[in-house]
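Novice: In the UniProt record's numbering, the protein residues as written are 1 to 410.
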Amino acid sequence: MAGSQRYLRYIVFALFALVLLYFIGSSSSVPTANWPGYQETTSPGEPSTPSDPSKPSAPAVSHDVSQTAPSTTPNDKKLPPATAPGERMNATFVTLARNSDVWEIAKSIRHVEDRFNRKFNYDWVFLNDDDFDDQFKKVTSALVSGKTKYGKIPKEHWSFPEWIDQDKAAKVREEMKEKKIIYGDSVSYRHMCRYESGFFFRHPLMLDYEWYWRVEPSIELYCDINYDTFKFMAEKKKKYSFTLSLYEYVETIPTLWDATKNFTKHFPQHVAKDNSMKFLSDDGGENYNHCHFWSNFEIGNLNWLRSDAYIDFFTSLDHAGGFFYERWGDAPVHSIAAGLMLQKDEIHFFNDIAYYHVPFTHCPTGEQYRLDHKCSCNPKDNFDWNGYSCTARFYEINGMEKPEGYEKEQ
Ligand SMILES: Nc1nc2c(ncn2[C@@H]2O[C@H](COP(=O)(O)OP(=O)(O)OP(=O)(O)O)[C@@H](O)[C@H]2O)c(=O)[nH]1
Ligand SMILES: [Mg+2]
1 MAGSQRYLRY IVFALFALVL LYFIGSSSSV PTANWPGYQE TTSPGEPSTP SDPSKPSAPA
61 VSHDVSQTAP STTPNDKKLP PATAPGERMN ATFVTLARNS DVWEIAKSIR HVEDRFNRKF
121 NYDWVFLNDD DFDDQFKKVT SALVSGKTKY GKIPKEHWSF PEWIDQDKAA KVREEMKEKK
181 IIYGDSVSYR HMCRYESGFF FRHPLMLDYE WYWRVEPSIE LYCDINYDTF KFMAEKKKKY
241 SFTLSLYEYV ETIPTLWDAT KNFTKHFPQH VAKDNSMKFL SDDGGENYNH CHFWSNFEIG
301 NLNWLRSDAY IDFFTSLDHA GGFFYERWGD APVHSIAAGL MLQKDEIHFF NDIAYYHVPF
361 THCPTGEQYR LDHKCSCNPK DNFDWNGYSC TARFYEINGM EKPEGYEKEQ
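1) What does the Cβ neighbour count give for Leu371, buried or exposed, with the cut at 16 atoms within 10 Å?
2) Quick one: is Lys147 buried, meaning 16 or more other Cβ sit within 10 Å of its Cβ, or exposed?
3) Just to confirm, does Glu216 get its C-beta within under 7 Å of one of the non-hydrogen atoms of ligand 2?
4) Can you find a heavy atom of ligand 1 that lies under 7 Å from the Cβ of Met192?
5) Candidates Cys390, Lys374, Thr365 and Thr391: which alpha carbon is nearest Gly405's?
6) For Phe348, which residues does DSSP report across the bridge?
7) Nearest-angstrom Cα distance between Trp124 and Glu210?
8) Once the 5 residues before and after Val358 are set aside, which same chain residues still bring their CB inside 7 Å of it?
9) For His292, list the residues DSSP reports as bridge partners.
10) Please report how far the alpha carbon of Arg98 lies from the alpha carbon of Glu220, in whole angstroms.
11) With Ala91 as the anchor, note down where its beta strand (DSSP E) starts and where it stops.
12) If you measure between the beta carbons of residue 453 and Ala169, is that distance less than 8 Å?
13) Could you pull the start and end residues of the alpha helix (DSSP H) that Leu127 belongs to?
14) Can you name the residues that DSSP bridges to Ser389?
15) What I want to know is whether the C-beta of Leu96 ends up closer than 7 Å to one or more non-hydrogen atoms of ligand 1.
16) Can you check whether the CB of His191 is closer than 8 Å to the CB of Ala213?
17) What I want to know is whether the C-beta of Asp165 ends up closer than 7 Å to one or more non-hydrogen atoms of ligand 1.
18) Take every Cβ of the region 231-243, pair it with every Cβ of the region 253-273, and state whether three or more of those distances are shorter than 8 Å.
19) Relative to ligand 1, is the shortest distance from any of its heavy atoms to the C-beta of Val125 smaller than 7 Å?
20) How is the alpha helix (DSSP H) around Arg173 delimited, first residue to last?
21) Of the choices Tyr122, Glu162, Glu346 and Cys193, whose alpha-carbon is the least far from that of Val333?
22) Following a CB-centred definition, is Asp101 positioned closer than 7 Å to any heavy atom of ligand 1?
23) Between the C-alpha atoms of Phe349 and Asp258, what's the straight-line distance to the nearest angstrom?
24) Let's test the definition: count the other Cβ atoms within 10 Å of the Cβ of Tyr227 and tell me whether it reaches 16, buried, or not, exposed.
25) For the 8 Å Cβ check, are there 3 or more pairs between the region 268-280 and the region 335-346?
26) Is His357 near ligand 2, with its Cβ less than 7 Å from a heavy atom?
27) Could one say the Cβ of Lys239 lies closer than 8 Å to chain B's Cβ atoms, at least one of them?
28) Pairs of beta-carbons, one from the region 306-317 and one from the region 178-188, closer than 8 Å: are there three or more?
29) I'd like the span of the beta strand (DSSP E) that includes Tyr355, first residue to last.
30) Drop a sphere of 10 angstroms on the beta-carbon of Glu46, count the other beta-carbons inside from all chains shown, and report buried for 16 or more, exposed for fewer.
31) CB of Asn128 to nearest heavy atom of ligand 1: below 7 Å?
32) Considering only their Cβ atoms, is the gap separating Gly198 from Asp318 smaller than 8 Å?
33) Just to confirm, does Asn296 get its C-beta within under 7 Å of one of the non-hydrogen atoms of ligand 4?
34) Using a threshold of 8 Å, state whether the C-beta atoms of Gln410 and Trp385 are closer than that.
35) In whole angstroms, what is the alpha-carbon distance linking Asp352 and Cys223?
36) Measure the alpha-carbon distance for Asn303 versus Asp330 and round it to whole angstroms.
Below, the structure written as structure tokens:
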């Protein structure tokens, strides 16, 4: 008896469960993909933002939220288009790197893409004194939104010129090592500085372009850049630009200014009339004050670097031997060239590009700008108004008013 009662209870329970399942099933049969006006606009995996603003978008879906009961709420903020409209400039990013720099350059690319290039899709040229390996190419090409190109540096651009006395150069490295001068004993660092000073813009891959933006491993960008910086340079007739400036280590360039004066004596025609000598010298050109633009960031014009003026300058410095007998950096070399051979107003300070390369930060002065451009840098870290920066001097020699709020950052 107890057994048949249990069976009866099971049957009643099963019937009840079946009725319940029927009701649940019928109440969840809300049409999903068959709403009127619904059209598939993206393929799986593609972003749902319109990729081509010129194409008409699918009619807006309007449906009663209470009927469809979505499990997520739609984002009513307008997302930016994947690609900024308008023409592109003949421009590229350029990076000199070793295969071992892959993860550090990956971080830099991510910053540049997130803050700027995903909207513009400019190309990226990578240069190396060795062959790039498959991993380097795979990782970087996956990150860059434009085309990637990989070039090997010809041997003659990355070796000692025949007029350099190898013993003398080796002795200097030994002495600099003892004096603990940073990279003082490095041969490859010297080749790198000479290459960045005189050759990268002549690499066959770079000949296709007129504008470049130099990017080094492990740099960071802290604010959105919503306009085409290359187009800005072209429209404002700028040839060279910077975000950070500072004083060079004197020990690395004891005779660079003498070599410069020797150049201007032989090539006075290359010196611009309205130049930035006051940025470089406090005594009308007699001595160098060591101010330079920090060249690990540069947006510049390649045709200027390929001009007779610049090539004559580089060739004359190269023959003076200081890339090997001292440790001349490409930063003072580019800066002196820009300071003397460009018109003052052809050099631009990008206050709006928030930039970091160890150990200095350029965080734009001006709170409203930082908020509007989603900046993530701490204004207290801004180097510009520090005593070791030359940026205040740049403002002064150009008669520019310093940005509002700079006193608070001193
Ligand atoms: N292919 C190649 N690239 C190099 C070599 N040495 C330096 N580089 C690259 O040249 C650029 C400058 O070198 P860095 O080592 O960053 O020099 P730095 O900026 O003065 O010093 P850090 O404070 O170390 O960044 C970077 O893009 C490096 O990846 C080298 O021997 N071969
Ligand atoms: Mg670096």
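C-beta: ideal position from N, C-alpha, C; glycine also.
Specialist: The answer reads as follows:
1) The count along the sequence shown starts at 1 and reaches residue 371 at position 371. Label assigned to Leu371: exposed.
2) In the sequence shown, residue 147 corresponds to position 147, counting from 1. Lys147 comes out exposed.
3) Counted from its first residue, the sequence shown places residue 216 at position 216. Answer for Glu216: yes, Cβ within range of ligand 2.
4) The residue labelled residue 192 in the question sits at position 192 within the sequence shown. Yes, the Cβ of Met192 comes within 7 Å of a heavy atom of ligand 1.
5) Looking up residue 405 in the sequence shown gives position 405. Among Cys390, Lys374, Thr365 and Thr391, the Cα nearest to that of Gly405 is on Thr365.
6) Taking the first residue of the sequence shown as 1, we reach residue 348 at position 348. Note that residue 348 is His in the sequence shown, not Phe. Paired residues: Ser241.
7) Your numbering for residue 124 matches position 124 in the sequence shown. Your numbering for residue 210 matches position 210 in the sequence shown. Roughly 13 Å between the two C-alpha positions.
8) One-based indexing of the sequence shown puts residue 358 at position 358. Cβ within range, chain order: Ser218.
9) Residue numbering aside, residue 292 sits at position 292 when the sequence shown is read from its first letter. According to DSSP, His292 bridges with Leu246.
10) Stepping through the sequence shown from its first residue, residue 98 is reached at position 98. Stepping through the sequence shown from its first residue, residue 220 is reached at position 220. Those two C-alpha atoms are separated by around 19 Å.
11) Position 91 of the sequence shown, counted from the start, is the residue given in the question as residue 91. Its beta strand (DSSP E) spans residues Ala91 to Leu96.
12) With the chain covering only 1 through 410, there is no way to say anything about residue 453.
13) Position 127 of the sequence shown holds residue 127. No alpha helix (DSSP H) contains Leu127, which is instead part of the beta strand (DSSP E) from Asp123 to Asn128.
14) Your numbering for residue 389 matches position 389 in the sequence shown. For Ser389, which the question treats as bridged, DSSP gives the partners Leu246.
15) As a first step, residue 96 must be located in the sequence shown, where it is residue number 96. Because some heavy atom of ligand 1 lies under 7 Å away, the Cβ of Leu96 counts as near it: yes.
16) The residue given as residue 213 occupies position 213 in the sequence shown. The residue given as residue 191 occupies position 191 in the sequence shown. Per the sequence presented here, residue 213 reads as Trp, with Ala not at that position. No, these two residues do not count as a Cβ contact at 8 Å.
17) Residue mapping note: residue 165 aligns to position 165 of the sequence shown, counting from 1. No.
18) no
19) Here residue 125 refers to the residue found at position 125 of the sequence shown. Not so, every heavy atom of ligand 1 lies at least 7 Å from the Cβ.
20) On the sequence shown, position 173 is the one that residue 173 refers to. Gln166 to Glu178 is the span of the alpha helix (DSSP H), which, as asked, contains Arg173.
21) Within the sequence shown, numbered from 1, the residue matching residue 333 stands at position 333. Closest option to Val333, Cα to Cα, is Cys193.
22) Counted from its first residue, the sequence shown places residue 101 at position 101. Checking every heavy atom of ligand 1 against the Cβ of Asp101, one is found closer than 7 Å.
23) As a working mapping, residue 349 is identified with position 349 in the sequence shown. As a working mapping, residue 258 is identified with position 258 in the sequence shown. Distance between the alpha carbons of Phe349 and Asp258: 27 Å.
24) As a working note, residue 227 is residue 227 in the sequence shown. When all chains shown are included, Tyr227 counts as exposed.
25) yes
26) Residue mapping note: residue 357 aligns to position 357 of the sequence shown, counting from 1. Yes, the beta carbon of His357 sits closer than 7 Å to at least one heavy atom of ligand 2.
27) In the displayed structure, chain B is absent; only one protein chain is listed.
28) no
29) The residue given as residue 355 occupies position 355 in the sequence shown. Counting along the chain, the beta strand (DSSP E) containing Tyr355 begins and ends at Tyr355 to His357.
30) Taking the sequence shown and counting its residues from 1, one reaches residue 46 at position 46. Only weak support is given to the placement of Glu46: the predicted model assigns it a pLDDT of 33, under 50, and the value that follows is read from those uncertain coordinates. Flag for Glu46 reads exposed.
31) The residue you call residue 128 lines up with position 128 of the sequence shown. Result yes, Cβ under 7 Å from ligand 1.
32) Position 318 of the sequence shown, counted from the first residue, corresponds to residue 318. Position 198 of the sequence shown, counted from the first residue, corresponds to residue 198. Result yes, Cβ atoms of Asp318 and Gly198 sit closer than 8 Å.
33) Looking for ligand 4 in the displayed structure turns up nothing; the ligands present are ligand 1 and ligand 2.
34) To locate residue 410, count along the sequence shown from 1; it is residue 410. To locate residue 385, count along the sequence shown from 1; it is residue 385. Yes, they are a contact pair.
35) In the sequence shown, counting from the first residue as 1, residue 352 sits at position 352. In the sequence shown, counting from the first residue as 1, residue 223 sits at position 223. Roughly 8 Å between the two C-alpha positions.
36) Your numbering for residue 303 matches position 303 in the sequence shown. Your numbering for residue 330 matches position 330 in the sequence shown. Taking the straight line from one Cα to the other gives about 18 Å.
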